[in-house]
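Colleague: Using my numbering, the letters of the sequence shown correspond one by one to residues 9 to 97.
We treat Cβ as the ideally placed atom computed from N, Cα and C, and that holds for glycine.
Just so it is clear, the structure is predicted and the values come from calculations on it, not from any experiment.
Dumping the structure here so I can ask a few things about it.
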Amino acid sequence: MNGTASYAYSGVSGTYAALFELDNFDFSNYRQISIKNLANFGYEVTCGTKVFSSDGTYDVSDLKAAKLKVMYHGNVGNPPIQLRIELIP
9 MNGTASYAYS
19 GVSGTYAALF
29 ELDNFDFSNY
39 RQISIKNLAN
49 FGYEVTCGTK
59 VFSSDGTYDV
69 SDLKAAKLKV
79 MYHGNVGNPP
89 IQLRIELIP
């Protein structure tokens, strides 16, 4: 990750959503990503061109440097992101 145009966390103006985004995240050391929603709100986890919106373990072994983005929806402005995300070597 080089941090270019990246930001760790921000609310999405005018919505009940929060965003975590890293540009150029280096996925090359990871085979899989595991996602677990700790609440009942919707989410999208984007890894390059792959988008995940349900709990599970997914293959990311073909990704190199790509955007890692988490959009989490809630019932308040700027909600806490209630996901457990694990990158598996």
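Check whether the Cβ atoms of Tyr38 and Pro87 lie closer than 8 Å to each other.
Modeller: No, these two residues do not count as a Cβ contact at 8 Å.
Colleague: What's the call for Leu46, buried or exposed, on a 16-neighbour Cβ count within 10 Å?
Modeller: Looking at its Cβ environment, which holds fewer than 16 other Cβ atoms inside 10 Å, Leu46 is exposed.
Colleague: Starting from the Cα of Gly56, find the closest Cα among Ser62, Ala73, Tyr66, Asp67 and give me that residue.
Modeller: Considering only alpha carbons, the answer is Ala73.
Colleague: Quick check on the DSSP output: the beta strand (DSSP E) that includes Phe33 runs from which residue to which?
Modeller: Looking at the DSSP string, the run of the beta strand (DSSP E) that includes Phe33 is 25-34.
Colleague: Just confirm the distance between the C-beta atoms of Phe49 and Tyr80, as a whole number of angstroms; I'd bet it's less than 8 Å.
Modeller: That pair is a contact at about 7 Å.
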